[in-house]
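Numbering (the working numbering), first residue to last: 16 to 331. Here is the structure we will look at, set down as structure tokens.
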């Protein structure tokens, strides 16, 4: 039996700040139940919270932080720029801070590298064809040009991106207007979507990779995988603890979400996996490969998918 211990490790971002390697994702954690789950997470040791304008729960997250009694500087807080706000991230950050009831966030991410037209009403407007109303006259590179200036305001300490692949890295980092390398890239990543090339590219570029949906979801629930279950039995831990420990072993930070107190308490405790077991998990995608979070952005987004069809990945 391997003893699991509460994960309190941090990683140094290229901005100079430390980020806890394991945090709490708060997608779908809204209203009073979400507030209580977030507050409980803080009380049992979580010090990294992840929210977004799109989640519509920034007020609950901010309230939980204030009510926890934990000094603000001990909590690492991430929120995200919505697609409809790409043309004015400074204004969007001000709105997030107002909802949070806080003076700053630790990390501000571009949620998706796809600008969407702002109709003043919907968070993700659709066009007459029923697809997302993508703003083709604006680019993620222009958005980043504005975002990279935000830390100077003191309203966020670091800036980063989300849902970027190696093709988008190349577009952004080769742009003449890019002066700041993103501190973090938050992407869907789990044993059925291990993103080997992206992990390596991020490491080489000094960008910390964070896994969302680390435990999979409907159609790709890795917690039901027979190999993961066997490993959980071997180590006397939960399947979730096995998967989260695999993330950390790869140098990937991770933000599992849960509102269940028992799962919250288990998820923060990780173990050291044997190299052979890490390799076993690395190869699970060969029997089942799935991308869970796929939106109809009216443009090509998932360039690296071709890699899993036997074609070489794009070069960086």
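All residues carry an ideal CB built from backbone N, CA and C; glycine is no exception. Computed from a prediction, not measured in an experiment: that's the story for all the values here.
- Between residue 197 and residue 176, the C-beta gap is smaller than 9 Å, which places the two residues in contact.
- With respect to the 9 Å criterion, residue 170 and residue 100 are not classified as neighbours on the basis of their beta carbons.
- Remark: C-beta atoms of residue 217 and residue 200 approach each other more closely than 9 Å.
- In the three-state reduction of the DSSP assignment, residue 211 falls in the helix class, which pools H, G and I.
- Here the alpha carbons of residue 97 and residue 306 stand approximately 21 Å from one another.
- Residue range 290-297 is occupied by the alpha helix (DSSP H) that includes residue 290.
- Taken atom to atom, the span from the alpha-carbon of residue 255 to that of residue 105 is near 37 Å.
- Here DSSP, grouped into helix, strand and coil, assigns residue 206 to coil.
- Beta bridge pairing from DSSP links residue 65 with 40, 93.
- For residue 235, the closest alpha carbon among the candidates 250, 221, 207 is that of 207.
- Residue 251 and residue 116 have their alpha carbons spaced roughly 41 Å apart.
- Here residue 230 is buried. Its C-beta has 16 or more other C-beta atoms within 10 Å.
- Under the 10 Å beta carbon count, residue 302 is surrounded by fewer than 16 other beta carbons and is classified as exposed.
- In this chain, residue 173 is not harboured by any alpha helix (DSSP H); it is covered by the beta strand (DSSP E) spanning 171-177.
- For residue 281, the number of other beta carbons within 10 angstroms of its own is at least 16, and it is reported as buried.
- In this chain, residue 240 is not harboured by any beta strand (DSSP E), its DSSP state being neither H nor E.
- In the structure shown, residue 79 falls within a helical segment according to DSSP collapsed to helix, strand and coil.
- Taking a 10 Å sphere around the C-beta of residue 265, we find 16 or more other C-beta atoms and assign the residue as buried.
- Contact check for residue 129 against residue 155 passes: the beta carbons are separated by less than 9 Å.
- Going by beta carbons, residue 258 and residue 205 fall inside the 9 Å limit.
- Nearest to residue 88 by alpha-carbon distance, out of 214, 184, 295, 34, is 34.
- Under the three-state reduction of DSSP output, residue 166 falls in the helix class.
- Between residue 121 and residue 75, the gap from beta carbon to beta carbon reaches 9 Å or more.
- In the three-state scheme derived from DSSP, where H, G and I count as helix and E and B as strand, residue 265 is classed as coil.
- Looking at the backbone, the Cα of residue 149 and that of residue 186 are separated by about 18 Å.
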